[in-house]
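Quick note, the sequences are listed as chains A and Y, same order.
Each number in my numbering corresponds to the 1-based position in the first sequence with 2 added.
Each number in my numbering corresponds to the 1-based position in the second sequence with 2 added.
Quick reminder that beta carbons are idealized off the backbone N, C-alpha and C, glycines included.
Every value quoted in this text rests on a predicted model; they were computed, and no experiment measured them.
Take a look at the structure below.
2 protein chains.
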Amino acid sequence: MEQIAEKKKAIFESTLELVKDNGFHGTPMSMVAKNAGVAAGTIYHYFESKENLLCELFSYIRKQMIEAVQQGDDESIPYKDRFFGVCMNLYWFYINNPNVLKFFEQFVNSPYNEKGSMSDDFNSLLFNFYQKGIKSGQIRNVTPEIASVLAHGNVITMAKIHTFGKIAFEDTDLKQILQILWNGMTNNQSTDQDT
Amino acid sequence: MEQIAEKKKAIFESTLELVKDNGFHGTPMSMVAKNAGVAAGTIYHYFESKENLLCELFSYIRKQMIEAVQQGDDESIPYKDRFFGVCMNLYWFYINNPNVLKFFEQFVNSPYNEKGSMSDDFNSLLFNFYQKGIKSGQIRNVTPEIASVLAHGNVITMAKIHTFGKIAFEDTDLKQILQILWNGMTNNQSTDQDT
DNA sequence: TGTGACCGAATGAACATTCAATTCAGAAAT
DNA sequence: ATTTCTGAATTGAATGTTCATTCGGTCACA
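Here it is, written out as structure tokens:
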């Protein structure tokens, strides 16, 4: 990752924080500027427009997530363990960066995101990861999109409960939920045990 | 539900549709007015402000959801079947009202929602439903919030895949996922089946 | 002829963006 | 070592636009 000018970073962090608190609207550039300790014009030295600022911020975070999710991952360890590892990494990233979840939710349904439907390396990464699990027969034969969204969706849900509901999950709780998910996503056992 | 004036309903529907397409910002009152076939001033005959319009719209939809989710539900049928029924109802509501999901996501993280933290009868309904399942020992002993968000979260995820991913789920797919969830949420079976 | 629904041009505030002016760091010249 | 020069970084007041909201007036109907 290239060295980012101090100011630029400050603008990123301010934007992230303000968007969390005030939403997407409700954060005028003037406010970003004040909060970052720069003049309004300075932002336009680094970014073409508000839209551009938001898009760059999105990429900036996505890059961090790519790194975070791959921590300790390794092609050589068993797939199940990789699955757990990736999910846990993602979970902890959200926990440690609580502003990110809110920003994403705002961003995902916004004109900015829709426009160019920007390429999303992070998404591709997960996508490929699940595809591998499916091809090797370890994950039930669903499309990688479904696998990806189901797993990621549950991680996000957990992170939200944790962050907004202020409920403290332990690693064991998370593992338990992932185990449920894993059972469901893998091929062994789908027996119905009632009536 | 009280009878709603034609114009008022048109304003609701327009808002919902426009918010889906253009996001929350990006839908000026003038646009809502034009799309609803009324004058700008008319909106202010029915609603105090834009904020008020959005909040009323939220309640309006929530009321519909309360009805939708209870279709065919009945205290007398087995809890498991009620669980499946409620989830399926919710799923089909989202499928049949694809604008709603986007509107909610915008609404949930917005200044409007945060402010008064409005009472939400729909949420209470689900909450009580899960509480009942937990008290009667049919659902694993988690807080009702967790049960609620986990189940609802997965329904939403499925609905999103369906609506935005344009993947056609069958009822059987949905049932399969719900079965996985149910297995995970109930007490029997949580055995780890590897190494 | 009074009342309430409805209209839409006019108002004013908020905001993104611009730009002329200023500072600053370091390279080049002396 | 000191001065000069240059372009990049930074500033914040000014600009123009986009809206939410208002309000005086019209229309339909009792």
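Item	Value
Any 3 or more C-beta pairs closer than 8 angstroms across the segment 12-19 of chain A and the segment 42-61 of chain A	yes
Three-state class that DSSP yields for residue 147/A in the structure shown	helix
Contact with chain A by residue 151/Y, beta-carbon distance below 8 angstroms	yes
Distance CB(residue 101/Y)-CB(residue 109/Y) smaller than 8 angstroms	no
Within chain Y, the residues that residue 147/A reaches when beta carbons sit closer than 8 angstroms	163, 167 and 169
Euclidean distance between Cα positions of residue 24/Y and residue 112/A	7 angstroms
Residues within the segment 79-110 of chain Y neighbouring chain A, beta-carbon criterion of under 7 angstroms	82, 104, 107 and 108
Cutoff 8 angstroms: residue 135/A Cβ touching any chain Y Cβ	no
Cβ contact (3+ pairs, closer than 8 angstroms) linking the segment 82-97 of chain A and the segment 145-165 of chain A	yes
Pair within 8 angstroms by beta-carbon distance, residue 9/A and residue 48/A	yes
Cβ-Cβ distance between residue 17/Y and residue 34/Y below 8 angstroms	yes
Where residue 67/A falls, given that 16 or more other Cβ within 10 Å makes a residue buried	buried
Beta-carbon gap between residue 141/Y and residue 187/Y smaller than 8 angstroms	yes
Those runs of the alpha helix (DSSP H) which lie wholly inside the segment 35-87 of chain A and span at least 4 residues	42-48 and 52-72
Beta-carbon proximity of residue 31/Y to residue 65/Y, cut-off 8 angstroms	no
CB contact below 8 angstroms: residue 129/A versus chain Y	no
Reduced DSSP category for residue 16/Y - H, G, I as helix; E, B as strand; rest coil	helix
Limits of the unbroken alpha helix (DSSP H) element including residue 126/A	123-137
First and last residue of the uninterrupted alpha helix (DSSP H) at residue 100/Y	100-110
When 162/Y, 133/Y and 107/Y are compared against residue 149/Y, the one with the closest alpha-carbon	133/Y
Residues near residue 161/Y in its chain [Cβ-Cβ closer than 7 angstroms; skip 5 each side]	93, 96, 97 and 103
The segment 21-50 of chain A: positions lying closer than 8 angstroms to chain Y by Cβ	24, 25, 26, 27 and 28
Three-state secondary structure assigned by DSSP to residue 181/Y	helix
C-beta neighbour in chain Y for residue 17/A, strict 8 angstroms	no
Residue 124/Y vs residue 21/Y beta-carbon contact at 8 angstroms	no
CB contact flag (residue 86/A, residue 152/A, <8 angstroms)	no
Cβ neighbour criterion (16 or more within 10 Å) applied to residue 139/Y	exposed
Which of helix, strand or coil DSSP assigns to residue 6/Y	coil
Proximal residues of chain A, C-beta to C-beta of residue 156/Y below 9 angstroms	152, 155, 156 and 159
Minimum Cβ-Cβ distance from residue 112/Y to chain A less than 8 angstroms	yes
Per-residue contacts from residue 186/A into chain Y (C-beta, under 9 angstroms)	178, 179, 181, 182, 183, 185 and 186
Pair within 8 angstroms by beta-carbon distance, residue 171/Y and residue 146/Y	no
Helix, strand or coil at residue 158/A according to DSSP, with G and I counted as helix	helix
Short Cβ contact (8 angstroms threshold) for residue 75/Y with residue 88/Y	yes
C-beta contact flag for residue 164/A and residue 27/Y at 8 angstroms	no
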